[in-house]
Each structure stands twice: as structure tokens, then as C-alpha cells.
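Structure first, commentary second.
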Amino acid sequence: MCEHRRMNSSFFRRLCTPGAISPGVVEAVSILAMVALFGLERATGAQIWLHVLYMFPLVALAIHCGPPGLVALGFLMTVGFQIVTIFANESSALARSVNSLVALAWPILVVLLARFARASYFDIADLANQDPLTGLPSRRQFESIIEREIARQKRYGGVFSLAIMGFDNFKALNESRGYRVGDEALKVLAKLLRENTRRSDSIARLSGDEFAILLPNTRRADCTSLCNKLSIMIANRMSDEGVATSASVGGATFENAPESTSDALQKADRAMSAIKADRKGYAAAVLTLAARRRRRQAG
């Protein structure tokens, strides 16, 4: 019973989720349903009115089909079939006019509401999948990217690496310079990563000051080289921006597919944490020198 309920819940969730069902399938089924309804109405005459049932295929088209042309086709079929039925069954001119207006008005309202719901869904999905400060993919989106890479590796083999980085003493930077400076440092780091990675690489902001890069077809030596290079580049760029801080960059390479996305992230995070622990003295020295420089400039 519980399994049956879960299956029903999953089906209705897909039915109501934009993009969860192929637009081609939705288009074909919706048009066939409208034609069937029209034929049934013509067969039953004025005895049974089925106008309201056109709403279901019309809503399906408006929610699942992106191109406006497909939605417009469904709208025209809905209105046209209703008006043909009305004129075939109504003898009064007033009844024809009023019913025709209703047949035109309610599909407009239904389409507008369904398209608004579709747009709102994708807006919310974008917010969930993108970090608003840096414009990079969020952790949720990045985990989906890693899942696809793991699936690819299981099927075709190969190797991939995962690098994770975080600022050293970022909390101290926020407290000494303010959160605005901290936010600017995060944006500078995001830009630097975009400029120094390949098109095939995927970058994300995981949380706080923690960023990650998925590196397809990258072996251990190349991953280590990139981590060292990025560590130097970040320190230099932050110094140029007047933000004296450094970053620890660690990576993990997977010649065999990891058990899960979480397992892959944990291994890369442990590598970064080990480097961060070794660099604490260096990071503290950077912040101390920066504080002295600001005092000299103020004096």
C-alpha cells in the first residue's frame, strides 16, 4: 500500500513539474485528448457538456512545453472546438455570444496562470542552483554535476579529479575589514577561477568561503600542479586587490568511481583541510603584515 502511494505521488509530482515529462509526449497526448473530447461532445450533442475537460490538456501544454507556438496551438484548438460545439447546439444568438465569450475567457486565464507557475518554478530552481553572490553553481547543482561524472566514469572508465579551496582565516578577514570586503574577495576568487580553468571544468561555491572545481580527465599530478598554481595565483590576486589573505587548495583524484558524491567531496575536503592546517602560520603572518601595512598607511 505504501509503495503504491509513493508511486502515485511520484507520478503526480512529475505531472506537475515543468520539464519532468518530454514536451513531445505532452504535445501528442494533449492534442489527441482534445480531439477525442471534441468528437465525444459532437457525438453526445447538447446532452453532455465536456468543455471543462479541455482544461487538463491545455494546462499540461502550458506547463511542460517551452515554445509558445505549442501552447498557442492548444489554446486555439480549445477555443475553436468549444465554439463549434456551441454554435452546433445553441439556437439563441444571446446564448451563443455569452458562451463563446466564456469559451474564450477561461482558456486565457488558465494559460496565463499555468505559464506564470512554470516561470516561477524555473526562477526558484535557478535560485536553488546558483549562488547569488558569485553567479557560480551552488552546492546542490555541483553535486548533480559530480553525480553525472561518476555515472560517466562507471560506464566508460577514465579518471577525474576534484579540487576544493577555502580562504585562510576568512572569519578574521570579515571581522577586521568588514563583510563587504569579504564578499568582494569571494567575487574576485570566483572570477579568477573562471579565468584559469578549462571549458570542460565545473566550478561551484559550496558554502561560505569554500569553492570547488570538478576536473574531468585530470590525473593526480596535473591536479596537484593546478592546486599549487591556484594557491599562488589567489594570494597574488588578493594582494593586488588590497585584500591580504591566502587560500588553501587541496584535491583528490579518482581513478575508480567513488561510492557517492558525498564520498568524493569528503576526500577532497580532507586534502584541503590538511593543507589548511599546515598553512595556519603562513595565513596568520599574511594578516599580521596586512594589519601593519594599514596602520602605516593610516599614520
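Residue numbers (my numbering): 28 to 326. From the three backbone atoms N, C-alpha and C, an ideal C-beta is built for every residue, glycine too. None of these values were measured; they are calculated from a predicted model.
Are the beta-carbon atoms belonging to residue i and residue j less than 9 Å from one another?
i, j, result
"leucine 163", "leucine 220", "yes"
"proline 84", "alanine 47", "no"
"phenylalanine 102", "valine 138", "yes"
"tyrosine 81", "leucine 64", "yes"
"phenylalanine 169", "threonine 280", "no"
"leucine 131", "valine 106", "yes"
"leucine 97", "proline 50", "yes"
"glutamate 268", "alanine 212", "yes"
"glycine 66", "asparagine 116", "no"
"glycine 185", "proline 243", "yes"
"methionine 104", "valine 62", "yes"
Who are the near neighbours of residue i in its chain, counting only those whose CB is closer than 7 Å to its CB and skipping five residues on each side?
i, result
"aspartate 296", "Ile191"
"serine 252", "none"
"alanine 301", "Gly277"
"serine 234", "Arg166"
Quick one: grab the DSSP three-state call for residue i.
i, result
"isoleucine 113", "helix"
"valine 276", "strand"
"proline 243", "strand"
"arginine 232", "strand"
"leucine 88", "helix"
"leucine 189", "strand"
"glutamate 211", "helix"
"glutamate 54", "helix"
"glutamate 330", "Summary: the structure shown does not reach residue 330, with the chain confined to residues 28 through 326, and so no result is reported for it."
Looking only at its own chain, which residues have a Cβ that is under 8 Å from the Cβ of residue i, when we skip the five neighbours before and after it?
i, result
"isoleucine 173", "Leu189, Leu241, Thr288, Ala291, Leu292"
"phenylalanine 238", "Leu163, Ile191, Met192, Gly193, Leu216, Ala217, Leu220, Ile230, Ala231, Arg232"
"tryptophan 133", "Met82"
"lysine 214", "Leu160, Thr161"
"leucine 200", "Phe194, Val208, Gly209, Ala212, Val270, Thr272, Leu314"
Ignore the nearest five residues each way along the sequence and tell me which others in residue i's own chain have a CB closer than 6 Å to its CB.
i, result
"alanine 262", "Ser273"
"glutamine 180", "Ala284"
"lysine 303", "Ser275"
"lysine 294", "Ala279"
"arginine 40", "none"
Three or more C-beta pairs below 8 Å linking the stretch 74 to 94 and the stretch 140 to 151: yes
Uninterrupted beta strand (DSSP E) stretches inside the stretch 119 to 205 (no shorter than 3 residues): 187 to 194
Three or more C-beta pairs below 8 Å linking the stretch 195 to 207 and the stretch 268 to 283: yes
Contact the stretch 278 to 287 vs the stretch 221 to 233: 3+ CB pairs below 8 Å: no
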